[in-house]
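I have placed the structure first, in the form of structure tokens, so that the comments after it can refer back to it.
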Amino acid sequence: MGEEEEGARQQESHVDVSLFETKEARFRGVYKVFASTIFAAICLIWVYRVANIPTVASGRWTWISVMVSELCFGIYWIITQSVRWKIVYQTPFKHRLLQRYDEESLPAVDIFVCTADPTLEPPCMVMNTVLSAMAYNYPANKLSVYLSDDGGSELTFYALLKASIFSKHWLPFCRRFNVEPRSPEAFFAAHNCSNSSTEYSQAWLFIKNLYKDMKSEIEPAVARGEVPDNAMNQHRGFSEWNPKITKQNHQPIVQIIIDGRDTNAVDEDGFQLPRVVYMAREKRHNYPHHFKAGAVNALIRVSSEISNAPFILNLDCDMYSNNANTIQEVLCFFLDETKGHDIAYVQFPQSYNNIAKNDHYANSYLVSNKFELAGICGYGAALFCGTGCLHRRESLSGAYLKDYKAKWDSKPKRNDNRTIDELNEASKVLATCTYEESTQWGKEKGLVYGIPVEDIATGLVISCRGWKSIYYNPERKAFMGIAPTTLDVACLQHMRWSEGMFQVFFSRYCPFIYGHGKIHFGVQMGYCTYLLWAPMSLPTLCYVIVSPICLLHGIPLFPQLSSIWVLPFAYAFLATYGFSLCEYLICGSTAKGWWNLQRIKFIHRTTSYLFGFIDTMKKQLGLSQTNFVITNKVVTEDVQKRYEQEIIEFGGSSIMLTMLATVALLNLVGLVGGIKRIMMDLNLEFSSSQLMMQITLSSLVVMISLPVYEALFIRSDKGCIPSSVMLKSIVLASLACCLAPFIC
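Each residue of the sequence shown is one higher than the one before, starting from 23 at the first, in the numbering used here.
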């Protein structure tokens, strides 16, 4: 009886001591007062616009267009306050978890890595992500790594085979010297070893040579586009490929590379290796494959057949693990006895290892990661961002919280009686094109279909089923990826995101409709902070096009400097952007980095988000179909050099670049013309007072666009704006100026 009582007391003490802590950010009350003053200024601006609509035809429509734009800006600002109203931060206690659970009682984890094209996503990069996932400080018999190859390429399979061999040396090296990060490429880039006399130095040189050997086998094969003949006999899996197989037309392929049950599957120190599985789901021309969502859903089914771990970690192929203890940390949220049973997933921020000092493409998302995403978490929800997210399998498979009963001691499938071949064949059935027919996959089960940003919609659906989710931003970044190094790729990425998120807003998953009565109103608004990126391009474009044209023709759009109505305009502008600068500096960046952020926001709103909006409208009208564009991860030497020098890489001749150059030229012409008009006016003081705010606005646009003018007229490298774009932009800007009198 004494032992039972002691065990009961220990269990009660475990319940009392939480595995994680939630703290609300400080000074929220002060911020709410500050935000209220900005709201008052916005209301006064609206009052001024309505009360001063021109009674004559001249200038009325431009005034109304600016008024509507400011109405949109104000409403959007109100929506964005939801992510700053209740910011919370999470702190897990890993040491408590390890005291409470031994290795045998810890749950199993399946890790999904998704790739789609060996040309755009180099296999060596993908293998670094796989190797970092295999090297977690977690029991190997509880870890399974699944690689989904949506390109169905034997080159990716070959690379995975080579990586699995290298892992027999890499994992012991990581464990022996406790190295970080555990992506070989990132590790060797961050750590040099000049002294070869110590044990670590000798091991470092040995493992680096092995890594070079692995790369020297993979990269030439990828460059040639074929696997070496002598490698075809190294694994039976190569028999799955034949000359008729293409990226869009192939049978399902499932190959267990390392069997977690095999006692001979050990590293050089004799420790068991994690399970490693290759999967290429079936693709046929006459069947929809639903892009990444379809691949992840196939992985959910295949993994349930092989390992069936209760938790699933999603990773993009370029997002390697940067902290070997991440799994223990994140499990603190799920395994907490009092608060963990209703948590569906934990989302980490997306971080990148190639950010320049002043982040000239604004890829770091510092403010979003530190404040905005944590603000949504204040309402018990988190945005599912598609990578760096640990899910509870049941919640991802369609379970509702009210129907779910937590089983902390649930065991994964062992399938001890089936051979590898039998498991492979049984899993292939789950990855066929026809398996999902007449099922709830893509609707009630798995990731949602029909929307490019399937992750955002899926996270919303899970929240509406009653589950909570957590956003966790640890001090040491859990995952690191590769940020775009050219403006073209950055704009393409944001166009895809904005288009997909606006489609969510137009779909049945609109947070205000689908989430009504199911999730907190603050969460609905928080989602819309991102879902409305695309339509916010319209008021921005109106502002930066109408204002310089009216300035050129002497039509005032703002109150005179002597008027008291200047105050709400000035306060709203200075307070909003002053606070934005403070937030950015608090995040540890520079003032120049903040200025670069304003430039990139301006570029995205006038290009990426505009075309994301247009594409969404076309889809709503049935004029185009949903597609998925893979971001190119290959970077040339000269592009990388300019990136390191923080020189914007324009290049190309896309319509987005033409739009950007046209807006920049239009504001330059408007500014010069407006100043000339004021200087020539006999009543200089009155004229300057009337047009000063427009001059200030166009001046800011011109200052933000300085790199654009440089790329148009000064630079001659490959990253400059082509002359064809320059000519088209000059013609369009000239037409806008000439047609302005008829429009105004």
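Glycine included, C-beta positions come from ideal geometry on N, C-alpha and C.
(Q) Given the structure, does A302 come close to the ligand HEM, in the sense that its CB is under 7 Å from one of the ligand's heavy atoms? (A) The model depicted lacks the ligand HEM and carries no ligand whatsoever.
**Q.** Neighbourhood of G544 by C-beta, 6 Å cutoff - its chain only, sequence neighbours within 5 removed
**A.** S104, Y401
Q. Near A331, what residues of its chain come up, given a Cβ to Cβ distance below 6 Å and the 5 sequence neighbours on each side ignored?
A. A130, V131, D132, P434
Q. Where S600 and E92 are concerned, what is the direct C-alpha to C-alpha distance, given to the nearest angstrom?
A. Rather than Ser, the amino acid found at residue 600 in this sequence is Gly. Cα to Cα, the separation comes out at about 19 Å.
Q | Top-ranked residue by Cα proximity to W85, from I97, W99, W68 | A | W68
Q: With a threshold of 16 other CB atoms inside 10 Å of the CB of N264, please say whether the residue is buried or exposed.
A: exposed
Q | Rounded straight-line distance, which links the Cα of F134 to that of A320 | A | 11 Å
Q) From V730 to H382, what does the alpha carbon distance come to, in whole angstroms? A) 13 Å
Q: List the whole-angstrom C-beta distance separating M147 from D340, where the pair is believed to meet the contact cut-off of C-beta under 8 Å.
A: 6 Å
Q: With DSSP as the reference, please indicate the residues paired to T480 in a beta bridge.
A: Its beta-bridge partners do not exist; DSSP assigns none.
Q) Under a three-way DSSP split, which group does F406 fall into? A) coil
Q) Taking the alpha helix (DSSP H) that R414 falls in, what are its first and last residues? A) First-last for R414: 411-414, but that is the beta strand (DSSP E), not the alpha helix (DSSP H).
Q. By the 10 Å Cβ neighbour count, where 16 or more other Cβ atoms means buried, how is W555 classified, buried or exposed?
A. buried
(Q) Taking the beta carbon of R122 as the centre, do at least 16 other beta carbons fall within 10 Å, making it buried, or is it exposed? (A) buried
Q. Looking at P274 and T454, is the spacing between their C-beta atoms short of 8 Å?
A. yes
Q. Per DSSP, what kind of secondary structure is Q716 in: helix, strand or coil?
A. helix
Q. Among the residues of its own chain, which have a CB less than 8 Å from the CB of L761, if the five just before and after it don't count?
A. none
Q: Return the bridge partner residues of G503 from the DSSP annotation.
A: Y374
Q | Proximal residues to F534 (C-beta, below 6 Å), its chain only, five neighbours per side dropped | A | Q546
Q. Secondary structure at H516, three-state DSSP: helix, strand or coil?
A. helix
(Q) Which residue marks the beginning of the alpha helix (DSSP H) containing R82, and which one marks its end? (A) 82-102
Q) Any beta-carbon of chain C closer than 8 Å to the one on V475? A) Annotation note: the requested chain C is absent from the structure, which comprises a single protein chain.
Q) Going by the beta-carbon positions, is the gap between L563 and T628 smaller than 8 Å? A) yes
Q | According to DSSP, residues forming a beta bridge with T782 | A | With the chain running from 23 to 766 in the structure shown, residue 782 is simply not present.
Q. In whole angstroms, what is the alpha-carbon distance linking S432 and G537?
A. Its pLDDT being 47, under 50, S432 is placed unreliably in this model, and the value from its coordinates should be taken loosely. Their backbone Cα atoms lie some 32 Å apart in a straight line.
Q) Is the CB-CB distance between S205 and Y342 below 8 Å? A) yes
Q: Give the straight-line distance between the Cα atoms of N437 and M301, rounded to the nearest whole angstrom.
A: At N437, the pLDDT of 48 sits below 50, so the modelled position is not reliable; the number obtained from the coordinates is stated separately. For N437 and M301, the distance between alpha carbons rounds to 18 Å.
**Q.** Runs of alpha helix (DSSP H) wholly within the region 129-198 (minimum 4 residues, chain order)
**A.** 145-156
Q: Quick one: using the 10 Å Cβ neighbour count with 16 as the cut-off for buried, is Q662 buried or exposed?
A: exposed
Q.
I need the straight-line Cα distance from V72 to P578, nearest angstrom please.
A. 15 Å
Q: Report all residues from its chain with a CB closer than 7 Å to the CB of V657; omit the five preceding and five following residues, and keep chain order.
A: T507
Q) What span of residues does the beta strand (DSSP E) with V657 cover, start to end? A) Note, V657: premise wrong, no beta strand (DSSP E); not H, not E.
Q. Does DSSP put K490 in a helix, a strand or coil?
A. strand
Q: Determine the direct distance from the alpha carbon of P557 to that of L749, and round the result to whole angstroms.
A: 28 Å
Q) What's the gap between the Cα of C65 and the Cα of F56? A) 15 Å
**Q.** Residues bridged to V368 [DSSP beta-bridge criterion]
**A.** L412, I492
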